[in-house]
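Participant:
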Amino acid sequence: MERQATDVIVATRAALTQASALAVQYSFSILGALLLLLLGWFLSRLLHRWALSALSRVRGIDMTLAHFFANVLRYAVLILVFVMALGQFGVQTASIIAALGAAGLAIGLALQGTLQNIAAGIMLLVLRPFRVGEYIETKDVTGTITEIGLFATELRTSDGLYRLAPNSTLWNTPVTNFSRERTRKHDLQVTIPSDRDIDNEIDRLLTIAREEPAIESAPPPQVFVDSLAENAATLTLRYWVPTPQWFRTTREMNRRVRIAFGQSLPEPPAEAAPAE
19 MERQATDVIV ATRAALTQAS ALAVQYSFSI LGALLLLLLG WFLSRLLHRW
69 ALSALSRVRG IDMTLAHFFA NVLRYAVLIL VFVMALGQFG VQTASIIAAL
119 GAAGLAIGLA LQGTLQNIAA GIMLLVLRPF RVGEYIETKD VTGTITEIGL
169 FATELRTSDG LYRLAPNSTL WNTPVTNFSR ERTRKHDLQV TIPSDRDIDN
219 EIDRLLTIAR EEPAIESAPP PQVFVDSLAE NAATLTLRYW VPTPQWFRTT
269 REMNRRVRIA FGQSLPEPPA EAAPAE
């Protein structure tokens, strides 16, 4: 009986000794992990501010893109520090990294469309085929850009409607930007009877063009005979206008030529209206 009691006491002492050793060991591990997490958190915030400040000084970079890359750097540091903290407890970090890779692959497959929009958004922000305030046209979307995000682009249509377009639809299709170039051309056609003096009518058209202050002097306006018929001739007045004034000027020139020649003219394309 005494022998059994002695064995119990010895086993209890051994267990207490082992528990004390484990407590000391894991207390240091916990303390080290907490310090590592704290340092990692401060480091991630410091790198985030540094990256954001550095990217904001890069000429032409969009702030949305700067915030995105700064956040990617911050969370990458946090994930690395978290894995290192688990290593303080003897956890096999290689298996964790493999699990994170598998989880990332699964998430990527599940969010394939979303990631495609993010990739397209990054390319749109880097290459800048259009900017906020510019009027664009694609096969599916037409309107003035109001905001370019990582997932989608917001537009305002010519009739004042809100439109949201996924970035992938804007990246994978040709885009016509009506606002990017400084000047735009306009061809205005007038049909005159064959009994009129063509040279005199050309001078009249050129005079009307020179009286409009918005029309560019270089290249100067020009008039040429576009086509001839048995009883009529078609003259084309070609001129260039600063892009912001294109819509107003083309309508004004239509009005002036209509008054001077007494005939109705085809309206310029409606897509230029928001470029005013």
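The numbering of the sequence shown is my numbering, which starts it at 19 and goes up by one.
Just so it is clear, CB atoms sit at the ideal spot from N, CA and C, and this is done for glycine as well.
Source: prediction; values computed, not measured.
#1: Pick helix, strand or coil for leucine 206, following the three-state DSSP scheme.
#2: Counting Cβ pairs, one atom from each stretch, are 3 or more of them under 8 Å apart for the segment 243-253 and the segment 227-235?
#3: What does a CB cutoff of less than 6 Å around threonine 252 pick up in its chain, not counting 5 residues either side in sequence?
#4: How many angstroms separate the CA atom of isoleucine 277 from the CA atom of leucine 179?
#5: Do you know how far the Cα of glycine 139 is from the Cα of leucine 145?
#6: Count the other C-beta atoms from every protein chain shown that fall within 10 angstroms of the C-beta of threonine 225, then say buried if there are 16 or more, exposed otherwise.
#7: Please report the distance separating the alpha-carbon of valine 95 from that of alanine 103.
#8: Which first and last residues belong to the alpha helix (DSSP H) in which isoleucine 226 is found?
#9: For phenylalanine 242, which of helix, strand or coil comes out of DSSP?
#10: Thinking asparagine 135 and serine 186 are a contact (beta carbons under 8 Å), I'd like their distance in whole angstroms, please.
#11: Per the DSSP calculation, proline 262 is bridged to which residue(s)?
#12: Just to confirm, is the Cβ distance from leucine 173 to threonine 162 under 8 Å?
#13: Would you kindly work out how many angstroms separate the C-alpha atoms of valine 241 and threonine 194, rounded to a whole number?
#14: Check this for me: beta carbons of proline 256 and lysine 203, under 8 Å apart or not?
#15: Just mark leucine 143 as buried or exposed, buried being the case when its beta carbon has 16 or more other beta carbons within 10 Å.
#16: Can you round the beta-carbon distance between proline 211 and asparagine 249 to whole angstroms, since I take them to be within the 8 Å contact cut?
Facilitator: For this structure:
#1: strand
#2: no
#3: Sequence-distant Cβ neighbours of threonine 252 in its own chain, meaning closer than 6 Å and more than five residues away, are Gln207, Thr209, Asp244 and Ser245.
#4: 35 Å
#5: C-alpha of leucine 145 to C-alpha of glycine 139: approximately 10 Å in a straight line.
#6: Its Cβ having fewer than 16 others within 10 Å, threonine 225 is exposed.
#7: 12 Å
#8: 216-228
#9: strand
#10: 5 Å
#11: Answer is none; proline 262 lacks a bridge partner.
#12: yes
#13: 27 Å
#14: The amino acid at residue 256 is misidentified as proline; the sequence shows arginine. It is a contact, given that the beta carbons lie within the stated cut-off.
#15: buried
#16: A Cβ-Cβ distance of about 7 Å is found for the pair proline 211 and asparagine 249, placing them in contact under the 8 Å criterion.
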